[in-house]
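Residue numbers (my numbering): 203 to 435.
A virtual CB, placed ideally from N, CA and C, is assigned to each residue, including glycine.
Contents: one structure, followed by commentary.
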Amino acid sequence: MADDEIILSEMSDDELVQQMHDDLYDGLKEEIEEGTNILLERGWTPYDVLTKALVEGMRIVGEDFRDGILFVPEVLMSANAMKAGMFILRPLLIATGAPKLGKMVIGTVKGDIHDIGKNLVGMMMEGAGFDVIDLGINNPVEKYIEAIEREQPDILGMSALLTTTMPYMKVVIDTMTEKGIRDDFIVLVGGAPLNEEFGKAVGADAYCRDAAVAVETAKELIKRRHNRLAAGG
Ligand code: B12
Numbered sequence: 203m204a205d206d207e208i209i210l211s212e213m214s215d216d217e218l219v220q221q222m223h224d225d226l227y228d229g230l231k232e233e234i235e236e237g238t239n240i241l242l243e244r245g246w247t248p249y250d251v252l253t254k255a256l257v258e259g260m261r262i263v264g265e266d267f268r269d270g271i272l273f274v275p276e277v278l279m280s281a282n283a284m285k286a287g288m289f290i291l292r293p294l295l296i297a298t299g300a301p302k303l304g305k306m307v308i309g310t311v312k313g314d315i316h317d318i319g320k321n322l323v324g325m326m327m328e329g330a331g332f333d334v335i336d337l338g339i340n341n342p343v344e345k346y347i348e349a350i351e352r353e354q355p356d357i358l359g360m361s362a363l364l365t366t367t368m369p370y371m372k373v374v375i376d377t378m379t380e381k382g383i384r385d386d387f388i389v390l391v392g393g394a395p396l397n398e399e400f401g402k403a404v405g406a407d408a409y410c411r412d413a414a415v416a417v418e419t420a421k422e423l424i425k426r427r428h429n430r431l432a433a434g435g
């Protein structure tokens, strides 16, 4: 079938999700926007659209990028299509009316321009009731320190998608330690190449595999912190 004969709204949910994976792969922004809207109109939760249609589509893109089948310009188009879908979902994900739980400063580390995962964590945290200050990409240690001193958040989140940039998280945490402010903040780290062991090694409070885990971990660590403060230290 030629592309112009494909009518997204006439597809079953399964077919549409499959088609969206293909459209994300092909970097078709408008089709992703249309598919996102159709699934929402059909009563899908924003979270399901995000994880099943968009994040899963990006996972497939990632595999073919790794295997040398897709290249940077193509992946950039996929990323832009994904962002267009996320743009539609964002207000829905953050407007949950959840009570305020705290504040988070989040940013991608120096040398790294990947921001989809970070943005997604930011959106989910906002939806869970956190105020989120997003520092964007390519952040040197000074930017993190300045932001946490200014904003006094409960949580600092750092994202890295490259094995070459992830060690920079230790630079930031070590600087916090030198300044005597490390324990004033909960530090969460994430990004595809990280793991729990790495999180421990750099001195973070936790590594979170995805945005849902980030929300749960943040809530749990904030609760523990409040209990500790209430107990007098
Ligand atoms: C999209 C993408 C790009 C896009 C980025 C667009 C953008 N605006 O982000 C573009 C095309 C620009 C790009 C560029 C490059 N990329 Co790239 N990219 C990817 C790709 C395919 C997907 C990443 C993504 O968005 N995933 C979807 C999101 C939802 O997942 P996520 O980021 O993992 O985030 C989730 C969790 O990790 C976690 N999380 C993430 N951050 C945080 C933060 C906190 C605080 C917490 C708690 C949790 C958390 O929660 C998120 C949501 O659930 C990955 C493949 C992969 N397997 O990851 C490669 C990948 C990361 N890229 C790679 C490479 C090599 C590059 C380039 C160096 C390529 C080049 N030759 O130029 C450049 C680097 C430029 C730079 N200096 O940063 C490699 C890295 C290999 C390595 N070992 O380091 C990968 C793994 C691909 C591969 N296998 O080769 N890339």
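Under the three-state reduction of DSSP, Phe332 is assigned to strand.
Distances from the CB of His316 to the heavy atoms of the ligand B12 include at least one below 7 Å. Annotation for Leu295: Pro248, Met325 and Gly329 place their beta carbon closer than 6 Å to its own, counting only its chain and skipping 5 residues before and after.
When the Cα atoms are used, Glu344 and Leu358 turn out to be separated by approximately 14 Å.
In this structure, the ligand B12 has no non-hydrogen atom nearer than 7 Å to the beta-carbon of Pro355. In this structure, the beta-carbon distance from Ala406 to Val389 falls below 8 Å. Each residue's CA atom was taken as its position, placing Lys425 and Gly319 some 25 Å apart.
Considering only Gly237, Pro301 and Met368, the residue with the shortest C-alpha distance to Ala286 is Gly237. Minimum Cα-Cα distance from Arg244 among the listed residues Ser211, Phe267 and Ile271 corresponds to Ser211. Taking the CA atoms as reference points, Glu351 sits about 15 Å from Gly309. With a 10 Å radius around the Cβ and a threshold of 16 neighbouring Cβ atoms, Val257 comes out buried.
Between the alpha carbons of Ser214 and Gly392 lies a distance of about 35 Å. Just measuring C-alpha positions, the residue of Pro342, Pro395, Ile315 and Phe273 sitting nearest Thr377 is Pro342.
Sequence-distant Cβ neighbours of Asp266 in its own chain, meaning closer than 8 Å and more than five residues away, are Tyr227 and Leu272. The beta carbons of Met306 and Phe289 sit no closer together than 8 Å. The beta carbons of Thr379 and Lys312 sit no closer together than 8 Å.
Around the CB of Thr419, 16 or more other CB atoms lie within 10 Å, so the residue is classed as buried. In this structure, Ser211 has its beta carbon at no less than 7 Å from each heavy atom of the ligand B12.
Residue range Ile388 to Gly392 is occupied by the beta strand (DSSP E) that includes Gly392. Cβ-Cβ distances below 6 Å link Leu252 to Leu291 in the same chain, with the five nearest sequence neighbours on each side left out; the list follows chain order. Judged by beta-carbon spacing, Pro395 lies within the 8 Å limit of Leu364, meaning their Cβ atoms are closer than that value.
Annotation for Ser361 indicates a beta carbon within 7 Å of some heavy atom of the ligand B12.
No heavy atom of the ligand B12 is found nearer than 7 Å to the CB of Leu291.
A direct Cα-Cα distance of roughly 9 Å separates Gly338 from Ile315.
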